[in-house]
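In the working numbering, the protein residues as written are 6 to 125. Glycine included, C-beta positions come from ideal geometry on N, C-alpha and C. Take a look at the structure below.
Here it is in structure tokens:
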């Protein structure tokens with residue numbers, strides 16, 4: 006398993022970001038929101054959104070690092086997906102290791118594998 010987080014795993018083009026927010030399914034967790042779009046290419050890609058409401062630069066950067074780390078360690082969960090992770094202000098209260106675990110756990114709770122919210 007490749008544990009890198011290279012350029013091929015990042016959503017960088019504006020048109021890809023626009024498509025993800027326009028066509029992707031919106032999923033809501035307690036600390037994070039997600040936009041998920043299935044694709045043919047098996048390479049998972051991530052977009053991290055941490056607004057100023059989360060805190061000052063140090064807090065925002067900690068949250069971003071935690072999100073990237075969770076993605077890097079759990080890439081197999083995101084095969085064939087483009088995922089945007091949007092942090093809520095409460096996420097800044099967690100330690101970076103907790104952030105990595107929490108957002109992946111929340112994603113698994115709200116994502117059913119088809120891009121839809123679970124029917125339970």
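Residue i and residue j closer than 9 Å at C-beta
{"i": "residue 26", "j": "residue 90", "result": "no"}
{"i": "residue 110", "j": "residue 52", "result": "no"}
{"i": "residue 112", "j": "residue 82", "result": "yes"}
{"i": "residue 99", "j": "residue 75", "result": "no"}
{"i": "residue 97", "j": "residue 54", "result": "no"}
Alpha carbon of residue i to alpha carbon of residue j, nearest angstrom
{"i": "residue 43", "j": "residue 34", "result": "19 Å"}
{"i": "residue 32", "j": "residue 93", "result": "13 Å"}
{"i": "residue 124", "j": "residue 30", "result": "Bear in mind that a pLDDT of 38 at residue 124, under 50, signals an unreliable position, so the number given afterwards is only what the model happens to contain. Near 14 Å, if we compare the C-alpha coordinates of residue 30 and residue 124."}
{"i": "residue 95", "j": "residue 88", "result": "20 Å"}
{"i": "residue 122", "j": "residue 21", "result": "At residue 122, the pLDDT of 44 sits below 50, so the modelled position is not reliable; the number obtained from the coordinates is stated separately. In a straight line, the C-alpha of residue 122 is about 22 Å away from that of residue 21."}
{"i": "residue 63", "j": "residue 108", "result": "19 Å"}
{"i": "residue 79", "j": "residue 115", "result": "16 Å"}
{"i": "residue 24", "j": "residue 41", "result": "11 Å"}
{"i": "residue 117", "j": "residue 46", "result": "19 Å"}
Candidates the options: closest to residue i by CA position
{"i": "residue 66", "options": "28, 23, 101", "result": "101"}
{"i": "residue 18", "options": "84, 69, 41, 50", "result": "50"}
{"i": "residue 77", "options": "54, 96, 106", "result": "106"}
{"i": "residue 85", "options": "23, 48, 114", "result": "48"}
{"i": "residue 103", "options": "45, 73, 41", "result": "73"}
| Are the region 6-14 and the region 55-64 touching by the rule of at least three beta carbon pairs closer than 8 Å? | For the pair of segments examined, the region 6-14 was found not to touch the region 55-64: the number of CB pairs separated by less than 8 Å stays below three.
| task | Please go through the region 43-69 and give each complete beta strand (DSSP E) segment of 3 or more residues, from N-terminal end onward. | result | Entirely contained in the region 43-69, the beta strand (DSSP E) runs reaching 3 residues are, in chain order, 50-54.
| task | Any chance you could list the beta strand (DSSP E) runs of at least 3 consecutive residues sitting entirely within the region 10-36, in chain order? | result | Complete beta strand (DSSP E) runs here, min 3: 30-33.
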